[in-house]
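Its first residue numbered 4, the sequence shown is counted upward by one per residue in our numbering. The C-beta atom is built at its ideal place from N, Cα and C for all residues, glycine as well. Bear in mind that the values here come from a model prediction, so they are computed numbers and not experimental data. One structure is given below, encoded as structure tokens.
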Amino acid sequence: MATQPGGKGQVQQVERVIIRFVGDSGDGMQLTGTEFTKASALAGNDIATFPDYPAEIRAPAGSLSGVSGYQVHFGSKEIHTPGDQPDVLVAMNPAALKTNLPDLREGGMLIVNAGAFNAVNLEKAGYRANPLDDEALQRNYRLFPVDMTKLTETALEGSGLSSKEVARCRNYLALGLMYWMYNRPMEGQLESIAKKFAKKPALADANARVFKAGYAFGETSEVGFARYEVPASKLPAGTYRNVTGNYAAALGFATVAHITGRQVFLGSYPITPASEILHELSYLKEHGVVTFQAEDEIAGIGSAIGASFGGSLAVTTTSGPGLALKTEMMGFAVITELPLVIVNVQRGGPSTGMPTKTEQADLLMALFGRHGEAPMPIIAAQSPADCFWAAIEAMRVAVKYMTPVILLTDGYLANGSEPFRIPSAAELPKLDVKYQTKPNHADGKFMPYQRDANLVRDWAVPGTPGLEHRVGGLEKDALSGMVSYDGMNHERMVKTRAQKIRNVVAEVPDAEPFGAGQGDVLLVSWGGTFGSVRGAAEELHARGKSVGHVHLRWLNPLPKNLGAVLKRYKKVLVPEVNDGQLAFYLRGTYPGVDPIQFNRINGKPLKIAELVTRVLEVGTEVKA
């Protein structure tokens, strides 16, 4: 760690920092974290974020179940995850401290709003005594009690705001202090405040005053704050913006409309944590997007299938419980062989489960959760920015193979954020949409289930002269599409649809391990666990360990060489944020492969440190 003069004392240069802001659900922690993330992005840092919403959204103020958090990891080198343990914890009340202190690294910086540690709040958090007086707390962490409540009230004396409005400005005091501590210029944030509260000048002025007060407190206080500087990351040249996974997915579907010149239709019911895709696409109507907010999940997917039948590029979005409700209509999309993208932003389950907590809960439901034989291609985004590319890829395959496609993301990716380099038009993939315009059969008629070499049927838009045809949920004649009750025809159609999906493997890149191409341990991940597992693999590789990492972006079909790759290692370890769904799938797919499971189902991402420890244990077992 190098130092250089600057500000008060020294400015310490560090490669990376993890900060977690935590407080009541009304304390503005999501806003605070988002604004600091923007500042880090403008400073040229690579970033990854993890918003952690309260378990109980309407929990009483000051309660343990109402704690809201936002973690940001920023640095001068490539960052894969929001980080395991925060270096800095900013806690706005006792409940926030109690629920988050166990995650703070030993010796980390602990900044607390001392003004909130009154008898009432201490009792709500289950403290018998004020933890700020605990010598162990002071010994294990760099504790900085700051009466943010009083400082905010002082800054807003004479403002004319109510006590409630004043209290809601405290987050900007914490933000101002962080701006000073990490050497961020104030001007950009002051402009952001003015823009955000343009319709409420009194609040704009108040938040600006409190923000400046927080910055000044860092500069003038005698409590011994240090200042830090994180150099800019050497990202590839280009224009960047910070995106969440949901926003990136929405941009991806809007981009599909742009590159195809065809209408994208989203029929959806708003469900946590997928709602934002619907909201964001509703703002993009001028880009060839139509959105329909349905009254329930079934109506949402039904409208999308209808739009697809009519020639639109159709999407429906949901989360786990909604996917369960959509299953009958998903089977309908399979039997009619219409292109459709079904986005499942996974959350903790089953039933209503934990709407605000992340989980890889639905892999087996995506693979097998339908009546009858109803296979679908399944792709899983691996990062917030990758949701953009995964959305385009899912639609490309849906159209090319005339099939519904499931796109899996999760709450971690949906709400998390990272820098996204805006691609040029030349970098966007080709996506050809071809409608049948002439009869396709020798007798001059249109046969909807006549197929090409990939077993893909033709797509005819209703109303095209001479291409009248019939589709529906009953089994189809293998050529005409008329209803068929013939058992052998049914068998033929089941096997044909299955083979068509197997043919999608041509779109799936081969598995290429990171790190050791063969050896002791292979880590296999999918979806949102990419960052944590790749981070662990990088650390183990740097230690000279014989460890490889394969990340599966396509879950159905799997890469054609995956079986051979799995057998090149003595042990296969599958980390998942569920109870072992991918491990189960791999055991059934590749006889003789028995993956070791590493599972967490606590509503939070995997930790790199835990993974490293477990891989080292497995490696020791191999050596023994």
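(1) Quick check: L543 and P578, are their CB atoms within less than 8 Å of each other?
(2) Counting beta carbon pairs with one atom in the region 63-80 and one in the region 432-440, are three or more of them shorter than 8 Å?
(3) In whole angstroms, what separates the C-alpha of F295 from that of V91?
(4) Give, in chain order, every unbroken run of the alpha helix (DSSP H) that is at least 4 residues long and sits entirely within the region 205-230.
(5) Measuring alpha carbon to alpha carbon, tell me which of W392, A383, Y572 ends up nearest I599.
(6) In whole angstroms, what is the alpha-carbon distance linking R495 and A481?
(7) In chain order, which beta strand (DSSP E) runs of at least 3 residues are fully inside the region 19-45?
(8) Taking the alpha carbon of G538 as the point to measure from, which residue in H83, V621, V20, G29 has its own alpha carbon closest?
(9) Determine whether the Cβ of D208 lies closer than 8 Å to any Cβ atom of chain B.
(10) Using the rule of at least 16 other Cβ atoms within 10 Å of the residue's Cβ for burial, across every protein chain shown, is Y488 buried or exposed?
(11) By Cβ distance below 8 Å, which residues in the same chain neighbour E160 in space, the five residues on each side in sequence not counted?
(12) Starting from the C-beta of F53, find all residues in its chain whose C-beta is less than 6 Å away, skip the five residues before and the five after it, and write them out in chain order.
(13) Which term fits K167, buried or exposed, when burial requires 16 or more other beta carbons within 10 angstroms of its beta carbon?
(14) Just the Cα atoms here: how many angstroms apart are K626 and W183?
(15) Assuming P516 contacts V486 (C-beta within less than 8 Å), just tell me the rounded distance between them.
(16) Expressed to the nearest angstrom, what Euclidean distance is found between the alpha-carbon atoms of I409 and A514?
(17) Check for me: the beta strand (DSSP E) holding W557 runs from which residue to which?
(18) Take N506 and list the residues in its own chain whose beta-carbon comes closer than 6 Å to its own, dropping the five residues that flank it on each side.
(19) When DSSP labels each residue in this structure, what does E109 get in the three-state scheme?
(20) Check the DSSP bridge columns for H76 and list the partner residues they point to.
(21) Nearest CA to the CA of D413: which residue from V596, M398, P387, V575?
(22) Look at the Cβ atom of Q349, then the Cβ atom of A364, and state whether they are nearer than 8 Å.
(23) Assess, as a yes-or-no matter, whether the region 23-32 is touched by the region 99-116 under the definition of 3 or more beta carbon pairs within less than 8 Å.
(24) In whole angstroms, what is the alpha-carbon distance linking T6 and A44?
(25) If you drop the 5 nearest sequence neighbours on each side, which residues of the same chain put their C-beta closer than 6 Å to that of G255?
(26) Give the single residue among M357, E362, A307, G248 whose Cα lies nearest to the Cα of F335.
(27) Whose C-beta lies closer than 8 Å to the C-beta of A235 among residues of the same chain, with five residues either side of it excluded?
(28) For V575 versus L525, is the C-beta spacing smaller than 8 Å?
(29) Quick one: give me the first and last residue of the alpha helix (DSSP H) that Q584 is part of.
(30) If you draw a straight line from the alpha carbon of N564 to that of T592, how long is it in whole angstroms?
(31) Can you tell me which residues form a DSSP beta bridge with R3?
(32) Which partner residues of R424 appear in the DSSP bridge assignment?
(33) Going by beta-carbon coordinates alone, are S311 and A317 separated by less than 8 Å?
(34) Mark Y56 as exposed unless 16 or more other C-beta atoms lie within 10 angstroms of its C-beta, in which case mark it buried.
(35) Identify whether V615 lies in helix, strand or coil by the three-state DSSP scheme.
(36) Which word fits V464, buried or exposed, when buried means at least 16 other C-beta atoms lie within 10 angstroms of its C-beta?
In short, the structure shows the following:
(1) Position 540 of the sequence shown, counted from the first residue, corresponds to residue 543. Position 575 of the sequence shown, counted from the first residue, corresponds to residue 578. Going by C-beta atoms, L543 is not nearer than 8 Å to P578.
(2) In short, these stretches do not touch, since the Cβ pair count stays below three.
(3) In the sequence shown, residue 295 corresponds to position 292, counting from 1. In the sequence shown, residue 91 corresponds to position 88, counting from 1. Counting only the Cα atoms, V91 lies some 43 Å from F295.
(4) You should have found no qualifying run.
(5) Numbered from its first residue, the sequence shown carries residue 599 at position 596. Comparing C-alpha distances from I599 to each of W392, A383, Y572 shows the shortest one belongs to Y572.
(6) Position 492 of the sequence shown, counted from the start, is the residue given in the question as residue 495. Position 478 of the sequence shown, counted from the start, is the residue given in the question as residue 481. Taking the straight line joining both Cα atoms gives about 8 Å.
(7) If we require 3 residues or more, the beta strand (DSSP E) runs fully inside the region 19-45 come out as 19-27.
(8) As a working mapping, residue 538 is identified with position 535 in the sequence shown. Minimum Cα distance to G538 is reached at H83.
(9) Looking for chain B here will not work: only one protein chain is present.
(10) As a position in the sequence shown, residue 488 is number 485, starting the count at 1. Exposed: under 16 other Cβ atoms inside 10 Å.
(11) Working through the sequence shown from its first residue, we reach residue 160 at position 157. Counting only Cβ-Cβ distances below 8 Å, and skipping sequence neighbours, we find nothing.
(12) The residue given as residue 53 occupies position 50 in the sequence shown. Scanning its chain for C-beta atoms nearer than 6 Å, with the 5 sequence neighbours on each side dropped, one finds around F53 the residues Q74, P85, G419, in chain order.
(13) What you label residue 167 is simply residue 164 of the sequence shown in a count that begins at 1. K167 comes out exposed.
(14) In the sequence shown, the residue the question calls residue 626 occupies position 623. In the sequence shown, the residue the question calls residue 183 occupies position 180. Rounded to the nearest angstrom, the two C-alpha atoms are 50 Å apart.
(15) In the sequence shown, the residue the question calls residue 516 occupies position 513. In the sequence shown, the residue the question calls residue 486 occupies position 483. With 8 Å as the limit, P516 and V486 do not qualify as a contact, their Cβ atoms being about 49 Å apart.
(16) One-based indexing of the sequence shown puts residue 409 at position 406. One-based indexing of the sequence shown puts residue 514 at position 511. When rounded, the separation of the alpha-carbon atoms in I409 and A514 is 20 Å.
(17) In the sequence shown, counting from the first residue as 1, residue 557 sits at position 554. From DSSP, the beta strand (DSSP E) with W557 extends over 557-559.
(18) What you label residue 506 is simply residue 503 of the sequence shown in a count that begins at 1. Take N506, set aside five residues on each side of it, and the residues of its chain with a beta-carbon closer than 6 Å to its own are N457, in chain order.
(19) Translated into positions along the sequence shown, residue 109 becomes position 106. Secondary structure at E109: coil, using DSSP grouped into helix, strand and coil.
(20) Taking the sequence shown and counting its residues from 1, the one referred to as residue 76 is at position 73. Paired residue(s): I21, A51.
(21) Against the sequence shown, residue 413 aligns to sequence position 410. The residue from V596, M398, P387, V575 with its alpha-carbon nearest to that of D413 is P387.
(22) The residue given as residue 349 occupies position 346 in the sequence shown. The residue given as residue 364 occupies position 361 in the sequence shown. Taking 8 Å as the cut-off, the beta carbon of Q349 is found closer than this to the beta carbon of A364.
(23) Three or more beta-carbon pairs separated by less than 8 Å link the region 99-116 to the region 23-32, which places the two stretches in contact.
(24) Taking the sequence shown and counting its residues from 1, one reaches residue 6 at position 3. Taking the sequence shown and counting its residues from 1, one reaches residue 44 at position 41. Because the pLDDT at T6 is just 35, under 50, the model does not fix this residue reliably, and the point stays unresolved.
(25) Looking up residue 255 in the sequence shown gives position 252. Answer for G255: F391, A394, I395, listed in chain order.
(26) Taking the first residue of the sequence shown as position 1, residue 335 is located at position 332. The candidate whose alpha carbon is nearest that of F335 is A307.
(27) By one-based count along the sequence shown, residue 235 stands at place 232. The residues are A46, G47, N48, S79.
(28) Within the sequence shown, residue 575 is the residue found at index 572, counting from 1. Within the sequence shown, residue 525 is the residue found at index 522, counting from 1. Yes. Within cutoff.
(29) For the purposes of this step, residue 584 is taken as residue 581 along the sequence shown, with counting starting at 1. If you look at Q584, you'll find it in the alpha helix (DSSP H) that goes 584-592.
(30) To locate residue 564, count along the sequence shown from 1; it is residue 561. To locate residue 592, count along the sequence shown from 1; it is residue 589. The alpha-carbon atoms of N564 and T592 are separated by roughly 13 Å.
(31) The structure shown has nothing for residue 3, since the chain only spans 4 to 627.
(32) For the purposes of this step, residue 424 is taken as residue 421 along the sequence shown, with counting starting at 1. BP columns for R424 point to Y243.
(33) Indexing the sequence shown from 1 puts residue 311 at position 308. Indexing the sequence shown from 1 puts residue 317 at position 314. It is a contact, given that the beta carbons lie within the stated cut-off.
(34) Translated into positions along the sequence shown, residue 56 becomes position 53. Residue environment: Y56 is assigned as buried (16 or more neighbouring CB atoms within 10 Å of its CB, all protein chains considered).
(35) Within the sequence shown, residue 615 is the residue found at index 612, counting from 1. Helix, per DSSP.
(36) Position 461 of the sequence shown, counting from 1, holds the residue named residue 464. By the 10 Å Cβ count, V464 comes out exposed.
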